[in-house]
Every structure is written in C-alpha cells, then in structure tokens.
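Peer 1: Would you mind keeping the following structure in view while I ask a few things?
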Amino acid sequence: MKKRFCILLLCLTCVFSFTVQPIKAEEYQREGVWIINVSEPAELNKDADLDSDKTSELETGVYMSYERHNNFYKVEADGEEQWLYKYPYVEVKEIVDMNNDSLTLYMDKELYSDPFDEDEYKNGTTLPQGQYKITKKAFDWLYVDDGTYQGWFEAELGQAVFDNTIGEYADPEIEGVAYKTQIINYSDNRRPGYTMIPKYITIHNTANKNEGSDAQRHADLQSNPNNKTVSSWHFTVDDHQIIQSMPLNEIAYHAGDGMSTGNGDSIAIEICENSDGDFNKAFDNTVQLVAHLLADLHLDIDAVKMHRDWSGKNCPNVIIGEDRWDEFLTKIQEAYDDLIIPESPVVGWYQAVDGYWYYYNEDGTMAVSKWIASGANWFYMDGKGRMGTNLWIATTEGRWYYVDGEGKMVYNQSVDGCWINSYGIYRSPLWQG
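According to mature numbering (1 follows the signal peptide of the UniProt record, and there is no 0), the stretch in the sequence shown is residues -25 to -1, 1 to 408, in order.
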C-alpha cells in the first residue's frame, strides 16, 4: 500500500477548533542519515531557503542526505553540496541502525532494494513469515540481512512486532498515579501499526487551555473514528490520571519531523494545561510516568526530549515558557533514582526495577566505573553503576577485556575474531606502547 502522509508540524493546536495563541516555530537543524526518493525532477537551492539561488535540477532517483535544515536536505549533485526542498514528490525517510533486534513477522513480505513502495525497487525475493534479526530501520520499513534474505520490507497494521517489547501495562496505577488504557483502532492517519523499539520519550503540552480539556477529553479525541487528523500520541496526562492511547511499541504521529526519529523512535506524552485543572500536578504526574518508562525501557535521562528537539516547534510551550525544563529533568532523575536505589542499605549485589544489576560497597556507595571480584569471577560496573554484559572494556594501555551475557570476564577464547588470553586480555594490534 503506497502512502503519502503530511505528518503535522503542529501539536494539538491543529486538532481542536478552539482558539489558541499561535506559536512561532524556531529554526531546526540536525545531522542524521536520510534516504530520499525523488519521483519528479526537483529544483535545488544554493542555501536552505526557497528564495535562494536555484543551482540545478535533480533527476529522479534515490539520494542520501546527512544534514537537515527545516524542510531542506543537503544532497550532492554535480560534484557540489546543494539543498533539496521536501516537495510533495520528494519522499524522505531517516535510516536508523538497529542492534540485530529480534522481530516476528506474521505474513510473507516482498523485499525491496530501497525502502520505497515502487515496483522498480522490488528485488524479486519474498521474505516468509518467521523470526528475523533487524539491522536497520527507515520509519515504516525494516531491513533484514541474514545470509539467506537481504532487503527492505514494510510491515503495517501489526504485521510485524519487535520481540521482547512492551505494549501496555496491566496495573491500574503507575507510580501512584491512576492509569488506564484506551487504545485506538488501526487507521492510516493515527495508528498505522508500524512497530518500533522506543529510544526516546518526547514531551508535549496540549496547547489547549479550555475547561474540561483533560486527559479523558484528549483520549476521546484520538478514539473518535470521525477524527481524520494525521496526529497521534501514546499518553495523555492530567492532574489525576494517565491514559494510554497507543501501544508503546508502535509509531505515533506527533513530532513534526516526518518519517524521522522523532515520530519513528519515540514515545509521545501530552501534558494537559486545561484552565480548570492543576498543571503543576499534571507536571508531577508526568515526571512519575517518564521515570517509570525510563526504568522499564532501559533508557537514560538523555532520552527525554522536547517536541522542539525534533522540529523546532515551541513545544512543550508551557514548560519552555516558564523555564521549567531543567526542573522537569531533575525531578525525573530523582524519581528514577528512587526506583532503582534500594530503600534500605544493601551491601553487595542488587537488582533494581530497571532490570540491571548494581553493586554496593560496604560503606553503602554504589560501585561505578570499576571491576568487582565476586566468587571466582570479575564483573565490570559502568559509569552509571550498571553491570555490563556482552561488552568490550578498553584501557589506556591498549588492553581490552570482554564480559559475557552474565557479566563475567571471559578467558582463553575468541570473541568477535579476537583471541582473549588466560588473563582475560586482548591487546589491540594498533597499540604502540
């Protein structure tokens, strides 16, 4: 099925018919890896501005870009770097590397040389349903290369799901805040059913101060079959509850960055700001939700992003306007620490709710960036105090150590083609000491 969506740059301002204060978008620029399908000849500009000089015309075909400025992408043409605007006939998708993540495919899929639904890119191979390791992702397209099958395929409407991912929670509370699900039905404009492994959590404000515009009102908006707006998000939070509308392991349309990382790899949370609600309480409830998600998804505080980070939009507008973003992150970190740090003193090993193992010294401090001898084995605790697994650890002397899936240092064996001796050391041939 060929789809051409205009993923909205707006937050909920565009969803409601209410009168709201317009918000001016900021300049947006970042680096990444984008693959571009140009289906009609497209003009190129000298600068990332439609009013700048036209330099040449880009022929139809597939191109790569590594820099974006608003809706312009830098491409190489005629031996020079020039700027391509995202015209309606220019399809852009960001390519993200995966970690050979396991995925279950529930129906046969045709494979393509590039992640675009055009007959010319079909490679003549069909991928049968089954379990596969995914090495790359381009929004709604996934890449497999297992020695037998190689190519891109698209999976919508739940036709493929990453294994060991969370969809929703069963408990009626999340860290003391009332929680319920109101999962919306599949649809092209809100829930296309594209699978994802969340790497970020994106924070929004609803930009809707009308009385009664609480979490339930916004959840109902998403559930309304007559709502044709191309916009969706995972959670809405107000001063008394959290409502989930999208599975955590599915893409939503919320970040305004098209088929890029904001939409394709992040969980969206909308914080209500209705005039008859308590925004500070909604703020604190969101803190608890984000801390819980970070622990469950094994993410760090750096994974928490503003809507503005993806598209330049001034959102979450209340948090930005009140200069509370640093406060928000600090509170999340404190709530996260409360989840993973034991309530009573511990000496030795401790497994926190985030699933990681930590080690506490006799003085009650956490072991950080150091080796721990336990029984007949050595274990490495990283810079956040977490026990490393399946990990190479380097020293300044050119030595490398490796810990296996149980965190144990390995000896007398080859890992990734590197021989580790009886002392657990692999010495890099590049070391000149």
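Using N, Cα and C, we set each Cβ at its ideal position, and we do this for glycine too.
Considering only the beta carbon of each residue, do L304 and V328 sit closer than 8 Å?
Peer 2: One-based indexing of the sequence shown puts residue 304 at position 329. One-based indexing of the sequence shown puts residue 328 at position 353. No; because the gap between Cβ atoms is not below 8 Å, this pair is not in contact.
Peer 1: Does DSSP classify N139 as helix, strand or coil?
Peer 2: By one-based count along the sequence shown, residue 139 stands at place 164. In the structure shown, N139 sits in coil (DSSP, three-state: anything other than H, G, I, E or B).
Peer 1: For I307, collect the residues of the same chain with a Cβ closer than 8 Å to its Cβ; drop the 5 residues on either side in sequence, then sort them by chain order.
Peer 2: Residue mapping note: residue 307 aligns to position 332 of the sequence shown, counting from 1. Answer for I307: V262, V265, A266, L269, I276, V279, listed in chain order.
Peer 1: Taking Cβ to Cβ, would you say E186 is nearer than 8 Å to N98?
Peer 2: For the purposes of this step, residue 186 is identified with residue 211 of the sequence shown, where counting begins at 1. For the purposes of this step, residue 98 is identified with residue 123 of the sequence shown, where counting begins at 1. In terms of Cβ geometry, E186 and N98 do not form a close pair [threshold 8 Å].
Peer 1: Which partner residues does N352 have in the DSSP bridge list?
Peer 2: Along the sequence shown, one-based indexing puts residue 352 at 377. Answer is S349.
Peer 1: The beta strand (DSSP E) spanning V8 covers which residue range?
Peer 2: Here residue 8 refers to the residue found at position 33 of the sequence shown. Its beta strand (DSSP E) spans residues 4 to 13.
Peer 1: What residue from V65, M221, K68, Y60 has the CA that sits closest to L132's CA?
Peer 2: Numbered from its first residue, the sequence shown carries residue 132 at position 157. When only C-alpha atoms are compared, the closest one is M221.
Peer 1: In the DSSP assignment, find the alpha helix (DSSP H) that holds K306 and state where it starts and stops.
Peer 2: Along the sequence shown, read from residue 1 onward, the residue named residue 306 stands at position 331. Per DSSP, K306 belongs to the alpha helix (DSSP H) from 300 to 315.
Peer 1: When you compare only the Cα positions, how much space is there between D313 and W332?
Peer 2: Within the sequence shown, residue 313 is the residue found at index 338, counting from 1. Within the sequence shown, residue 332 is the residue found at index 357, counting from 1. Roughly 15 Å separates the two Cα atoms.
Peer 1: Using the Cβ count rule (16 or more neighbours within 10 Å means buried), how would you classify T211?
Peer 2: What you label residue 211 is simply residue 236 of the sequence shown in a count that begins at 1. Buried.
Peer 1: Pop quiz: T170 and N238 are said to be a contact at Cβ under 8 Å. What is the actual Cβ separation, rounded to whole angstroms?
Peer 2: As a position in the sequence shown, residue 170 is number 195, starting the count at 1. As a position in the sequence shown, residue 238 is number 263, starting the count at 1. Between N238 and T170 the Cβ distance is about 14 Å, and since that is not below 8 Å, they are no contact.
Peer 1: Strictly by DSSP, which residues pair up with I149?
Peer 2: As a working mapping, residue 149 is identified with position 174 in the sequence shown. Its beta-bridge partners are V152.
Peer 1: If you count every other CB in all the chains shown that lies within 10 Å of the CB of Y161, and 16 or more means buried, which is it?
Peer 2: Here residue 161 is taken as the residue at index 186 of the sequence shown, counted from 1. So Y161 ends up on the exposed side.
Peer 1: Cα-Cα, which of N12, Y124, E245, S198 is closest to V50?
Peer 2: In the sequence shown, counting from the first residue as 1, residue 50 sits at position 75. Selected option, being the one with the closest Cα: N12.
Peer 1: Could you compute how far the alpha carbon of H215 sits from the alpha carbon of K203?
Peer 2: To locate residue 215, count along the sequence shown from 1; it is residue 240. To locate residue 203, count along the sequence shown from 1; it is residue 228. Those two C-alpha atoms are separated by around 28 Å.
Peer 1: In angstroms, rounded to a whole number, what distance separates the CA positions of E372 and G399?
Peer 2: Working through the sequence shown from its first residue, we reach residue 372 at position 397. Working through the sequence shown from its first residue, we reach residue 399 at position 424. Roughly 14 Å between the two C-alpha positions.
Peer 1: Return the bridge partner residues of E34 from the DSSP annotation.
Peer 2: Working through the sequence shown from its first residue, we reach residue 34 at position 59. Looking at the DSSP assignment, E34 forms no beta bridge with any residue, so it has no partner.
Peer 1: Give a yes or no on contact between the segment 142 to 152 and the segment 107 to 123, applying the rule of three or more CB pairs nearer than 8 Å.
Peer 2: No, they do not touch.
Peer 1: Going by beta-carbon coordinates alone, are A17 and W58 separated by less than 8 Å?
Peer 2: On the sequence shown, position 42 is the one that residue 17 refers to. On the sequence shown, position 83 is the one that residue 58 refers to. No, Cβ-Cβ distance for A17 and W58 is not below 8 Å.
Peer 1: By alpha-carbon positions, which one of Q157, M341, I294 ends up nearest to N199?
Peer 2: For the purposes of this step, residue 199 is identified with residue 224 of the sequence shown, where counting begins at 1. Closest option to N199, Cα to Cα, is Q157.
Peer 1: Using a Cβ-Cβ cutoff of less than 8 Å, which residues in the same chain neighbour L25 once the five nearest sequence positions on both sides are dropped?
Peer 2: Your numbering for residue 25 matches position 50 in the sequence shown. Closer than 8 Å at Cβ, skipping near neighbours: Y60.
Peer 1: DSSP on V385, reduced to helix/strand/coil?
Peer 2: Working through the sequence shown from its first residue, we reach residue 385 at position 410. Of the three classes helix, strand and coil, the one that applies to V385 here is coil, per DSSP.
Peer 1: Assign V67 to buried or exposed, taking buried as 16 or more other Cβ atoms, counted over all protein chains shown, within 10 Å of its Cβ.
Peer 2: Sequence index remark: in the sequence shown, residue 67 carries index 92 (1-based). V67 should be labelled buried.
Peer 1: Taking buried to mean at least 16 other C-beta atoms within 10 Å of its own C-beta, is R43 buried or exposed?
Peer 2: Within the sequence shown, residue 43 is the residue found at index 68, counting from 1. Buried is the call here.
Peer 1: So what does DSSP say about I294, is it helix, strand or coil?
Peer 2: By 1-based counting over the sequence shown, the position of residue 294 is 319. Helix.
Peer 1: Got a sec, what are the start and stop residues for the beta strand (DSSP E) D76 sits in?
Peer 2: Taking the first residue of the sequence shown as position 1, residue 76 is located at position 101. That run of the beta strand (DSSP E) goes 71 to 80.
Peer 1: Looking at C-beta atoms only, is the number of pairs between the segment 28 to 42 and the segment 74 to 87 that lie closer than 8 Å three or more?
Peer 2: no
Peer 1: Measuring CB to CB, does Y335 end up less than 8 Å from V343?
Peer 2: Within the sequence shown, residue 335 is the residue found at index 360, counting from 1. Within the sequence shown, residue 343 is the residue found at index 368, counting from 1. The answer is no: Cβ separation not under 8 Å.
Peer 1: Do you know offhand how far Y401's Cα is from S207's?
Peer 2: The residue you call residue 401 lines up with position 426 of the sequence shown. The residue you call residue 207 lines up with position 232 of the sequence shown. Straight-line Cα distance between these residues: approximately 49 Å.
Peer 1: What does a CB cutoff of less than 8 Å around L274 pick up in its chain, not counting 5 residues either side in sequence?
Peer 2: Locating residue 274 in the sequence shown gives position 299, where the first residue counts as 1. For L274, where only same-chain residues beyond five positions count, the Cβ hits under 8 Å are P173, K174, Y175, I176, L268.
Peer 1: Leaving out five residues on either side along the sequence, give the residues of the same chain with a beta carbon under 8 Å from the beta carbon of D83.
Peer 2: Taking the sequence shown and counting its residues from 1, one reaches residue 83 at position 108. Correct list, in chain order: T101, L102, P103, Q104.
Peer 1: For a test of the three-state rule: what should DSSP assign to H282, helix, strand or coil?
Peer 2: Stepping through the sequence shown from its first residue, residue 282 is reached at position 307. In the structure shown, H282 sits in a helix (DSSP, three-state: H, G or I).
Peer 1: Between W285 and D357, how many whole angstroms is the CB-CB distance? I'm expecting something under 8 Å.
Peer 2: Mapped onto the sequence shown, residue 285 falls at position 310. Mapped onto the sequence shown, residue 357 falls at position 382. Not a contact, Cβ separation roughly 28 Å.
Peer 1: What's the call for E6, buried or exposed, on a 16-neighbour Cβ count within 10 Å?
Peer 2: Here residue 6 refers to the residue found at position 31 of the sequence shown. Flag for E6 reads exposed.
Peer 1: Rounded to whole angstroms, what is the Cα-Cα separation between E85 and F128?
Peer 2: Taking the sequence shown and counting its residues from 1, one reaches residue 85 at position 110. Taking the sequence shown and counting its residues from 1, one reaches residue 128 at position 153. Distance between the alpha carbons of E85 and F128: 6 Å.
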